[in-house]
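Notes follow the structure.
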Amino acid sequence: MPVPAALEPIASAASVVKRFPGGAAPALNGVSMTVEAGRITGLVGPDGAGKTTLIRILAGLLHADEGEVAILGHKPIEMLDQLGYMPQRFGLYEDLTVRQNLDLYAELRALPEEDKEETFSRLLRFTDLARFQDRLAGKLSGGMKQKLGLACTLVRTPRLMLLDEPGVGVDPISRRELWAMVQDLTDEGIGILWSTAYLDEAEKCDRVYLLNEGKLLFDGPPGELTDRAEGRVIQLTGFGEARRPFLSRTLDRPDIIDGTIQGRSLRLLLRDGSPVPEPASFEAGAGTRIAKGQPRFEDGFIEILGGGPKGTSALAENYRVIPPSDRPAIEAKGLTKRFGDFVAARDMDFAIPQGQIYGLLGPNGAGKSTTFKMLCGLLSPSGGQGAVAGNDLRHSAAEARASLGYMAQKFSLYGELSVGQNLDFFAGAYNLRRPDARRAKDAMCEIFDLGDKLNMNAGELPLGFKQRLALAAAVMHQPPVLFLDEPTSGVDPVTRRMFWTHINGLVEKGVTVLVTTHFMDEAEYCDDVSLIYRGEQIATGTPDALKEQAVTLTESDDPTMEDAFVALIEESDRRREADERDAA
Amino acid sequence: MSGPRKPSKRFDYRRLRAMLVKEFAQIVRDPSTFLVALALPLLLLFMFGYGISLDMTGTRLAVVMEDSSAPALGLSQSYRASPYFKVDVLRDRAEARRQMIGGKIKGVVVIPQDFGRQVHEGHMPTIQIVTDGSEPNTAQFVASEAQGVFQTWAAAEPFADAPKPPSIEISTRFWYNPGLKSRFFLVPGAIAIVMTIVGTLLTALVVAREWERGTMEAIMATPITMVEFIASKIVPYYFLALASMTVCVAIAVTIFGLPFRGSLVALYVIASAFLMPGLGLGLFVSSATKNQFVASQIGLIASFLPTFLLSGFLYEIPSMPVWIQAITYIIPARYLIPSLQTLFLTGDVWSLFLPNIAMMLLFGFVYFFLSFRVTKRSLDT
Chain A
1 MPVPAALEPI
11 ASAASVVKRF
21 PGGAAPALNG
31 VSMTVEAGRI
41 TGLVGPDGAG
51 KTTLIRILAG
61 LLHADEGEVA
71 ILGHKPIEML
81 DQLGYMPQRF
91 GLYEDLTVRQ
101 NLDLYAELRA
111 LPEEDKEETF
121 SRLLRFTDLA
131 RFQDRLAGKL
141 SGGMKQKLGL
151 ACTLVRTPRL
161 MLLDEPGVGV
171 DPISRRELWA
181 MVQDLTDEGI
191 GILWSTAYLD
201 EAEKCDRVYL
211 LNEGKLLFDG
221 PPGELTDRAE
231 GRVIQLTGFG
241 EARRPFLSRT
251 LDRPDIIDGT
261 IQGRSLRLLL
271 RDGSPVPEPA
281 SFEAGAGTRI
291 AKGQPRFEDG
301 FIEILGGGPK
311 GTSALAENYR
321 VIPPSDRPAI
331 EAKGLTKRFG
341 DFVAARDMDF
351 AIPQGQIYGL
361 LGPNGAGKST
371 TFKMLCGLLS
381 PSGGQGAVAG
391 NDLRHSAAEA
401 RASLGYMAQK
411 FSLYGELSVG
421 QNLDFFAGAY
431 NLRRPDARRA
441 KDAMCEIFDL
451 GDKLNMNAGE
461 LPLGFKQRLA
471 LAAAVMHQPP
481 VLFLDEPTSG
491 VDPVTRRMFW
501 THINGLVEKG
511 VTVLVTTHFM
521 DEAEYCDDVS
531 LIYRGEQIAT
541 GTPDALKEQA
551 VTLTESDDPT
561 MEDAFVALIE
571 ESDRRREADE
581 RDAA
Chain B
1001 MSGPRKPSKR
1011 FDYRRLRAML
1021 VKEFAQIVRD
1031 PSTFLVALAL
1041 PLLLLFMFGY
1051 GISLDMTGTR
1061 LAVVMEDSSA
1071 PALGLSQSYR
1081 ASPYFKVDVL
1091 RDRAEARRQM
1101 IGGKIKGVVV
1111 IPQDFGRQVH
1121 EGHMPTIQIV
1131 TDGSEPNTAQ
1141 FVASEAQGVF
1151 QTWAAAEPFA
1161 DAPKPPSIEI
1171 STRFWYNPGL
1181 KSRFFLVPGA
1191 IAIVMTIVGT
1201 LLTALVVARE
1211 WERGTMEAIM
1221 ATPITMVEFI
1231 ASKIVPYYFL
1241 ALASMTVCVA
1251 IAVTIFGLPF
1261 RGSLVALYVI
1271 ASAFLMPGLG
1281 LGLFVSSATK
1291 NQFVASQIGL
1301 IASFLPTFLL
1311 SGFLYEIPSM
1321 PVWIQAITYI
1331 IPARYLIPSL
1341 QTLFLTGDVW
1351 SLFLPNIAMM
1361 LLFGFVYFFL
1371 SFRVTKRSLD
1381 T
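Protein chains in written order, with the working numbering: chain A, 1 to 584; chain B, 1001 to 1381.
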């Protein structure tokens, strides 16, 4: 990629501070950064880190309390002509057509009439939306909306583009396409600021600014952060022990600061300065092998945050032991949900044995949540059967619901109630008797470190604490089955590790977990996964089995879960297109 | 790279036009807007035109015939002939009492046993009139109207002890609405309600919708000015409200038979003046709340209800308690309804219109000022 020799900063921020009324800590605390022409600058961090606030300040939509912000040497508000801004929700009028949206932004940005046709046809070709010009924006898929949003900011080639989490909630294929499109734009000398919570996207940026809780943790080329973990990532295979308890035991070792499950192996990050340990020291049988692993951006992030949590879950230690049973804890037999003509979920089939984690993977709108809601009794199926803890959904939905704990997307808590009131409410909703409720509440406060936040409104908690509170509310009544809908969306990697430590611990106590996620690496924690796409299960199996399928499809030797996902979806698209051709 | 661009701070007609095109496209595509702008007004108009009537025609009245002489039959015939009553003839008072308790009748006229004999002897007979005091207005009306029928009947009989007719005869005439048809002043009021709904409720939704759907953010990051933005929200709904008013006036004249004695120019001038506070209030509420639900609730309470209750549309202002009368002065519809009624029933009376128009414009100015104050090009709260 040709990079201009002299990199003039298109936009810059110097020691920016931004406080919101009622917020305890500043949303931005002395952040400095620059966006250079012809480069993709990454603004990376978990939700609530301050990414959106900084982007809005650069777009002239918020005023910084302290510090200087400039676009091409001027105040942002004076440079709106040179700015392309795509907010998180794309800013499209859903009740207008693709063409009408483009028209509107072209006029607002004063695109000369004579350039219009040429510009539009170039943008429609670029975004591959030419066929959908007359379709309402609201009827586009997530990936297409995102491309249209991008096109609307490009009607007059801006000097600076601010993209606020353009990849969030979109399937991996669309994300990759969008990335390629944006990369093309850098050739025209546009400076691009791309904000993301996906750390794998951060790795591809020319330069990243890593934000956490309003503070800048790192700035520089992403490789620099990744390099901090160089030589400290090891891959452990062949151990003769169940992987979850083994991970938990391993994380308690002093020389390991982070670890994750990767199918049948463990991926560990060593403490700085610790030598690579002997395989025998893991005491997991003679077959244990150690191999060097590739460090990732995430390892660097964890390292900066001071390492992941230890392996023992206080929550699991307090949990009752779920008596073992032979029948599947969760069962779906041909579960189908139709909304009018639209089949949101078709023939969902799986049986989850007790004490396992089962993952439903897929892009937004694929049918994960629909399947999920049918199993929790929140939607009644149009066809097929389902059972939770032996309770059939059709006949005893109430019993089925009583035996599960549910953590809804976006952590549905009562934002206006305090943390204590939320816990009281959920204890009441799950019918805990008063002394039990008090005991459960005290235990949750201690385990999740909520004690000093009891009187805070749940809505004002930092995201990580919201997630803990949502988990606490879901497990207060110690259910045998847990339903987790996008439980780690947007939280920082250390909070995610903590969450999975708890879940792994609970599973060892016999709890069965059904989880939906669009984080592909989290699928690795699952015993089995189902890939859901366009309302159907397109692949089912262990994470390793799916990756092996991807090996045969793509002929790459070590695909990640995301590679597998993309390969399987492309395969499904090919098959469907072939079927449609045959039918026609 | 594109060349140097013109400064964009000034009002730009092209951007306004683009926003207007967008706004109209959204209106056309949103069936609920049409429902509010056309179906709801028609419903209201027909409700007030046909359903609600403050005229007491066809009030149920029982005539208890304890006497069956010729004069008694003659009087009962007079009651039957009255357009204000729908008469049931009964034989005994107990039955009448039951029907009154059951709410089937609003009044009872008892023609007593010796009625025929008294007439025969040349005396002024007596009758008994009983009304249902639980509905005072109706009771009053029934009592006086039943009395009136009786006196008209008595006047035709040569009674020696009948009161002498007064030497001066008072003849009452009702100008402008000779039939005193309530429809004639209800329908103009209904038109005011319609303009309030279209003007305030629809605009209350529009800015809030942009905030809720996240498009406000994207729009604010373009060179558009806030004046252009607000103008793009007013113009479509101004025309929509005028269109829906025009439909209502046409129906009032053709279907309900109202006279229209004023000029169309005066009608549109007055309607435009009223739409300034109407649109301004909606815009202000919408910009201030940024939430469609809250905005529509506040819009309803702040515009529709006062117009309904306090503008003199249903309840006459002079008969309200003094402190409530004071409140009516800040209800813009208070200045619209007399003007509209005058337009329909009297004609162009500019000496009445002009002060009313001035008041409406004043309120409009206040609301627009407030709207500009709360619509900042910023997400800061």
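The C-beta atom is built at its ideal place from N, Cα and C for all residues, glycine as well.
In this text, all values refer to a predicted model and were calculated from it rather than measured experimentally.
Other residues of its chain near residue 361 of chain A: CB distance less than 6 Å, five sequence neighbours each side excluded: Spatial neighbours of residue 361 of chain A in its own chain (CB-CB distance under 6 Å, excluding positions within 5 residues in sequence) are listed in chain order as 523, 529, 531.
Any C-beta of chain A under 8 Å from that of residue 1226 of chain B: no
For residue 1015 of chain B, three-class secondary structure by DSSP: Three-state result, residue 1015 of chain B: helix.
Closer than 8 Å to chain A by CB, residue 1231 of chain B: no
contact_flag[the stretch 439–459 of chain A, the stretch 286–296 of chain A] where n(CB pairs < 8 Å) is 3 or more: no
Strand pairing of residue 487 of chain A, partner residues [DSSP]: Per DSSP, none; premise fails for residue 487 of chain A.
Status (buried if at least 16 other CB within 10 Å, exposed otherwise) for residue 124 of chain A: buried
Coarse secondary structure for residue 174 of chain A, derived from DSSP in three states: helix
Any C-beta of chain B under 8 Å from that of residue 12 of chain A: It does not; no Cβ of chain B falls within 8 Å.
For residue 291 of chain A and residue 241 of chain A, believed in contact at Cβ under 8 Å, the rounded distance: Between residue 291 of chain A and residue 241 of chain A the Cβ distance is about 18 Å, and since that is not below 8 Å, they are no contact.
Beta carbon of residue 197 of chain A nearer than 8 Å to that of residue 299 of chain A: No, the pair does not count as a contact, with Cβ atoms beyond the cut-off.
Within chain A, partners of residue 1032 of chain B - CB distance below 7 Å: In chain order: nothing, as chain A lies at least about 11 Å away.
Meets three-Cβ-pair contact criterion under 8 Å: the stretch 98–116 of chain A and the stretch 56–68 of chain A: no
Completely contained alpha helix (DSSP H) runs for the stretch 449–536 of chain A, where each covers 4 or more residues: 463–475, 493–508
Residues of the stretch 83–100 of chain A whose Cβ lies closer than 9 Å to any Cβ of chain B, in chain order: Within the stretch 83–100 of chain A, 83, 84, 85, 86, 87, 88, 89, 90, 91, 92, 93, 94, 95, 96, 97, 100 place their CB atoms closer than 9 Å to a CB of chain B, listed in sequence order.
Alpha-carbon to alpha-carbon, residue 1266 of chain B and residue 1143 of chain B: 42 Å
Contact set between residue 1217 of chain B and chain A, taken where Cβ atoms lie within less than 7 Å: 61, 87, 91
In DSSP terms, what residue 9 of chain A is bridged to: A:36
Minimum Cβ-Cβ distance from residue 1348 of chain B to chain A less than 8 Å: No, no contact with chain A.
DSSP state of residue 333 of chain A mapped onto helix, strand, coil: strand
Cβ contact (3+ pairs, closer than 8 Å) linking the stretch 299–319 of chain A and the stretch 354–372 of chain A: no
Residue 348 of chain A - containing beta strand (DSSP E), residue span: 342–352
Burial state of residue 1216 of chain B, where buried means 16 or more other Cβ atoms lie within 10 Å: Buried, by the Cβ-count rule.
Close beta carbons around residue 1061 of chain B, own chain, < 8 Å, minus the five adjacent residues each side: 1079, 1085, 1086, 1087, 1088, 1105, 1106, 1107, 1108, 1109, 1142, 1146
C-beta neighbour in chain A for residue 1378 of chain B, strict 8 Å: yes
Chain B contact for residue 56 of chain A (CB, 8 Å cutoff): yes
Pair within 8 Å by beta-carbon distance, residue 544 of chain A and residue 551 of chain A: no
Close beta carbons around residue 229 of chain A, own chain, < 7 Å, minus the five adjacent residues each side: 269, 295, 299, 300, 303
9 Å Cβ cut-off: residues of chain A touching residue 1026 of chain B: 93, 95, 96
Pair within 8 Å by beta-carbon distance, residue 1187 of chain B and residue 1045 of chain B: yes
Segment contact flag, the stretch 496–511 of chain A with the stretch 335–349 of chain A, C-beta cutoff 8 Å, min 3 pairs: no
Endpoints, the beta strand (DSSP E) within which residue 364 of chain A is located: From DSSP, residue 364 of chain A is part of no beta strand (DSSP E); its letter is neither H nor E.
CB contact flag (residue 948 of chain B, residue 1116 of chain B, <8 Å): Because chain B is modelled from 1001 through 1381, residue 948 of chain B falls outside the range shown and cannot be assessed.
C-beta neighbour in chain B for residue 109 of chain A, strict 8 Å: Residue-level contact by beta carbon holds for residue 109 of chain A and chain B, with a gap shorter than 8 Å.
Buried versus exposed, by CB contacts within 10 Å (16 or more), residue 1323 of chain B: exposed
Within chain A, partners of residue 1015 of chain B - CB distance below 8 Å: 107, 108, 110
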